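Following my numbering, the numbering of the sequence shown begins with 18 at its first residue and continues without gaps.
Below is one structure, written out as structure tokens; comments come after it.
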Amino acid sequence: MNVKLQKSACFKPPAYGVVHSVCPHDCPDSCSLLSRVEDGKLIKVDGNPEHPVTQGFICRKFAASPTRIYGSDRLQYPMKRIGLKGEGEFEQISWDEAIETITQHWQTIIDEDSPASILPFFGSGTEGLVNGRIAGKRFFNRMGSLQLDRTICTKAGRTGFRYTMGTSMGADPRAISDNKLIIAWGTNATSTNIHHQIFLKEALKQGAKYVVINPVKIKGAESADVFLQPRPGSDAALALAMMHIIIMEGLYDKEFVKLHTLGLDDLKLRVNKYTPEYVETLTDIPTEDIRKLAHMYADLKPSFIYVGPGCQRHSNGGMTLRTIACLPALVGAWAHKGSGLYFPTSTIFPVDVSSLEGNELRPNPPVKYNMINLGRLLNDEKARIRSLYVFNGNPAAVMFNQNNLRKGLQRDNLFTVVHEQYLTDTARYADIVLPATTQFEYADLFFSYYHFSVQLNCPAIEPHGQCRSNLDTFNLLADAMGFRDECFQQSSWDIIQDILELDHPALAGVTFDELIEQGWCEANLEGAHSLVEKSYFPTPSGRIEFYSKCMQEDGFDPLPDYIPPKESKEATPDLFDKYPLFFLTASDQSSLNSNYAQHVKRNSRCNKPRLIIHPADAAPRAITDGALVRIFNDRGDCHIQAEVSETVKQGVVASSGLWWGFQYPDGRNPNHTTPDFTGDIGGGSAFNTNLVEIELCLETNFKSERVSYG
Numbered sequence: 018m019n020v021k022l023q024k025s026a027c028f029k030p031p032a033y034g035v036v037h038s039v040c041p042h043d044c045p046d047s048c049s050l051l052s053r054v055e056d057g058k059l060i061k062v063d064g065n066p067e068h069p070v071t072q073g074f075i076c077r078k079f080a081a082s083p084t085r086i087y088g089s090d091r092l093q094y095p096m097k098r099i100g101l102k103g104e105g106e107f108e109q110i111s112w113d114e115a116i117e118t119i120t121q122h123w124q125t126i127i128d129e130d131s132p133a134s135i136l137p138f139f140g141s142g143t144e145g146l147v148n149g150r151i152a153g154k155r156f157f158n159r160m161g162s163l164q165l166d167r168t169i170c171t172k173a174g175r176t177g178f179r180y181t182m183g184t185s186m187g188a189d190p191r192a193i194s195d196n197k198l199i200i201a202w203g204t205n206a207t208s209t210n211i212h213h214q215i216f217l218k219e220a221l222k223q224g225a226k227y228v229v230i231n232p233v234k235i236k237g238a239e240s241a242d243v244f245l246q247p248r249p250g251s252d253a254a255l256a257l258a259m260m261h262i263i264i265m266e267g268l269y270d271k272e273f274v275k276l277h278t279l280g281l282d283d284l285k286l287r288v289n290k291y292t293p294e295y296v297e298t299l300t301d302i303p304t305e306d307i308r309k310l311a312h313m314y315a316d317l318k319p320s321f322i323y324v325g326p327g328c329q330r331h332s333n334g335g336m337t338l339r340t341i342a343c344l345p346a347l348v349g350a351w352a353h354k355g356s357g358l359y360f361p362t363s364t365i366f367p368v369d370v371s372s373l374e375g376n377e378l379r380p381n382p383p384v385k386y387n388m389i390n391l392g393r394l395l396n397d398e399k400a401r402i403r404s405l406y407v408f409n410g411n412p413a414a415v416m417f418n419q420n421n422l423r424k425g426l427q428r429d430n431l432f433t434v435v436h437e438q439y440l441t442d443t444a445r446y447a448d449i450v451l452p453a454t455t456q457f458e459y460a461d462l463f464f465s466y467y468h469f470s471v472q473l474n475c476p477a478i479e480p481h482g483q484c485r486s487n488l489d490t491f492n493l494l495a496d497a498m499g500f501r502d503e504c505f506q507q508s509s510w511d512i513i514q515d516i517l518e519l520d521h522p523a524l525a526g527v528t529f530d531e532l533i534e535q536g537w538c539e540a541n542l543e544g545a546h547s548l549v550e551k552s553y554f555p556t557p558s559g560r561i562e563f564y565s566k567c568m569q570e571d572g573f574d575p576l577p578d579y580i581p582p583k584e585s586k587e588a589t590p591d592l593f594d595k596y597p598l599f600f601l602t603a604s605d606q607s608s609l610n611s612n613y614a615q616h617v618k619r620n621s622r623c624n625k626p627r628l629i630i631h632p633a634d635a636a637p638r639a640i641t642d643g644a645l646v647r648i649f650n651d652r653g654d655c656h657i658q659a660e661v662s663e664t665v666k667q668g669v670v671a672s673s674g675l676w677w678g679f680q681y682p683d684g685r686n687p688n689h690t691t692p693d694f695t696g697d698i699g700g701g702s703a704f705n706t707n708l709v710e711i712e713l714c715l716e717t718n719f720k721s722e723r724v725s726y727g
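If you want it as structure tokens, here you go:
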């Protein structure tokens, strides 16, 4: 593609030209973009053909950005609520009135109570370092509010992985072509990491064997050499059985284990009981299939495991990742570039920007709250939460145990502000709604948790309507609150320069001029194979730790193990009798978290929420394809259309994507059934540990009025 890039566009959006942009979403690909502007309007978005991962193509969702930006449902001015919370009835107000209303409420709360009564909540609506992290954190640090602990996505897995490896850095997934074996474990990269297919196809072209481990038959599983469907939450047991066979049969890499690991003798004792025969009873995977997988893994070297976040979103998720992470060390996979294991975590990029987040501005010591506990905090009178500020997130769609959460959001004495691009499920509960920019309308800097690029996002267009970025909004709020600190005078460009000037080896060679010139720079990073070359891992022992003293000191089992999920036949047999189906919320190509679902075209392949159920589970419940069904447990229920298919394992049901309330006949999404308890390690989410029952729904006329959660 021959385009004329506007070098000055990084400071002022052009009337005509092509601008370097970055997809801001919570997606590993973090695509490098070329945004075409004509007469000051965004008309087209393409993938950057020069970027080594994007390679000129992007997903259909983001390619439709021009339509979304100028759509009639885009918020363009501040609003205040005039109806009941949840009804979504608002009237337009000015920015001056909005800022004054917000800050007067907050000052009253601080005077009468404390800044800890004002709660910030943000998700991954943008992964930009300026507008996704720094802007909000420095403001709420200056105020003295509680600090949000973002645990929902990969906190359990990355904590377990670090206990084993001492770092979040795994294999470079772009360098997998020389592997003899590729294992996709609990991931649906075809939908959630589409550019990974470039590198996977190259490996398969060179003769690599391909294994898929997933309770759901993902796209591509039909062409796998081995496809296994374990019982949800039993992944650690499968890994332990593989280790049992590899160790007991002497198939492990003795030299690598001797030089680079700690605790083999202890591990040998632990895996002794995890025979393939025993693990078949835990996973439903036949003994011979377990043996075949273990022998493939021991014999086909080097190998690469892509572990998706799904299998660590269980009550045992931290230990699951901790256990799977031991496998590459047994076979010496870490010695090879592009081999070992990759787990997508936002901390894989090691540059720490916390020094720019305003911790030194706090008037009080920092106290964190786990975002999974949002509903509990809002309903806890002792917590005295009197105001909620939401940006970059949609908790009324994506958080768990929605009945409890929405009960809190409906409180008349909770002053809620939502800064958003659209009137989301959460925005409908707001007292004040502020219109937000898209990333096409501000400058930001992005790291990826898949590739090693640092990317600059330049504003392609002026803000739509009266929309403002997170940074601009927080600077306005800071001024109205009387915060005169110099940081609240900074522009996005100032903060971007501050980030690039941080003293970290990963930023060596990354220059602002090069970012302006081509939109991205390769960071000075290598995969975990470099740790083998240095003969040093950042653990207390300097080795990969099968036995972790740190885990023991933190109150955990120091060795890998399998603990049954908190809701399962083994752990809660009575509950399993009542609710005998495992419910998974799987990813879908049509949406990303709760983004894009409201814009899915009616004629698209996935044009409505659906629940996939196995024929053997559907038949005794008289459920046919296309029937309306009710998913329920003690936490809540949801009505949804059934899709009868062998895509899912028998005993498992899965919903596709996370849609908005108006797209369900009763206004409730599957998160009305999901649990809000935390996982075993790191305080991570456990929403895939969810037992339900399904029944045919004969009632099809649902009331459309506001649902009361009181």
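Every residue, glycine too, gets a C-beta built ideally from N, C-alpha and C.
Here the structure is a predicted model, which is why all the values come from computation and not from measurement.
Would you mind sorting residue i into buried or exposed? The rule is 16 or more other CB atoms within 10 Å of its CB.
| i | result |
| --- | --- |
| Ala525 | exposed |
| Thr125 | exposed |
| Phe679 | exposed |
| Lys21 | Only weak support exists for where Lys21 lies, its pLDDT of 39 falling under 50; the value from the coordinates is given anyway. Burial call: exposed. |
| Ile99 | exposed |
| Asn289 | exposed |
| Ile60 | exposed |
| Tyr553 | exposed |
| Val384 | exposed |
| Arg77 | exposed |
| Asn620 | Any answer about Asn620 is weak, because its pLDDT of 36 lies below 50 and its placement is not dependable; what the coordinates show is given next. Exposed is the call here. |
| Gly224 | exposed |
Compute the Euclidean distance between the alpha carbons of residue i and residue j, then round it to the nearest angstrom.
| i | j | result |
| --- | --- | --- |
| Glu305 | Thr298 | 13 Å |
| Ile116 | Tyr564 | 54 Å |
| Leu405 | Arg339 | 35 Å |
| Thr664 | Asn411 | 29 Å |
| Val96 | Pro190 | One detail in the question is off: residue 96 reads as Met in this sequence, not Val. Their backbone Cα atoms lie some 45 Å apart in a straight line. |
| Tyr180 | Glu562 | 7 Å |
| Thr455 | Ala603 | 26 Å |
| Leu713 | Leu493 | 52 Å |
| Ser134 | Ser486 | 25 Å |
| Met316 | Glu144 | Met is not the amino acid found at residue 316; the sequence shown has Asp there. Going from the Cα of Asp316 to the Cα of Glu144 covers about 40 Å. |
| Asp571 | Ile169 | 21 Å |
Pick from the options: whose alpha carbon is nearest that of residue i?
| i | options | result |
| --- | --- | --- |
| Met186 | Pro361, Asp442, Ala588 | Pro361 |
| Leu773 | Ala201, Met416, Leu268, Tyr359 | Only positions 18 to 727 of the chain appear in the structure, and residue 773 is not among them; the question remains open. |
| Phe649 | Tyr596, Ile580, Ser47 | Tyr596 |
| Asn688 | Phe573, Lys236, Trp677 | Trp677 |
| Asp515 | Gly149, Ile211, Val370, Pro30 | Val370 |
| Asp683 | Ser38, Arg85, Gln483, Arg647 | Arg647 |
| Arg330 | Glu104, Ser702, Ala254, Ile657 | Ser702 |
| Glu437 | Asp46, Ala173, Phe366, Gly149 | Gly149 |
| Gly544 | Leu284, Arg159, Lys354, Gln93 | Lys354 |
| Arg53 | Pro66, Tyr359, Gly34 | Gly34 |
| Thr300 | Ala80, Gln246, Ile513, Val324 | Gln246 |
| Met259 | Ser585, Ala477, Cys343, Glu106 | Cys343 |
| His481 | Ser89, Gly142, Val70 | Ser89 |
| Lys147 | Pro380, Gln507, Ile263, His631 | A small correction: the amino acid at residue 147 is Val; Lys does not occupy that position in the sequence shown. Ranking the options by Cα distance to Val147, first place goes to Gln507. |
| Thr706 | Asp578, Glu272, Ala588 | Ala588 |
By DSSP, does residue i sit in helix, in strand, or in coil?
| i | result |
| --- | --- |
| Glu458 | helix |
| Gln109 | strand |
| Met336 | helix |
| Lys595 | helix |
| Leu451 | strand |
| Gln164 | strand |
| Gly149 | helix |
| His37 | strand |
| Asn158 | helix |
| Pro9 | The question about residue 9 has no answer, for the chain in this structure spans 18 to 727. |
| Thr181 | helix |
- Message: What ranges does the beta strand (DSSP E) occupy inside the segment 347 to 386, keeping only unbroken runs of at least 3 residues that lie completely in it?
- Response: Fully enclosed beta strand (DSSP E) runs of 3 or longer: 357 to 359.
- Query: For the segment 634 to 680, which segments carrying the alpha helix (DSSP H) assignment without a break, of at least 4 residues, lie completely within its bounds, in sequence order?
  - Reply: none
- Within the segment 529 to 592, ranges of the alpha helix (DSSP H) (whole runs, at least 4 residues): 529 to 535, 546 to 550, 566 to 570
- Task: Could I get the ranges of all uninterrupted alpha helix (DSSP H) runs contained in the segment 59 to 131, with 4 residues as the minimum, in chain order?
- Result: 77 to 80, 82 to 86, 112 to 129
- Message: For a minimum of 4 consecutive residues, which ranges assigned as the alpha helix (DSSP H) are wholly contained in the segment 413 to 443?
- Response: 419 to 426
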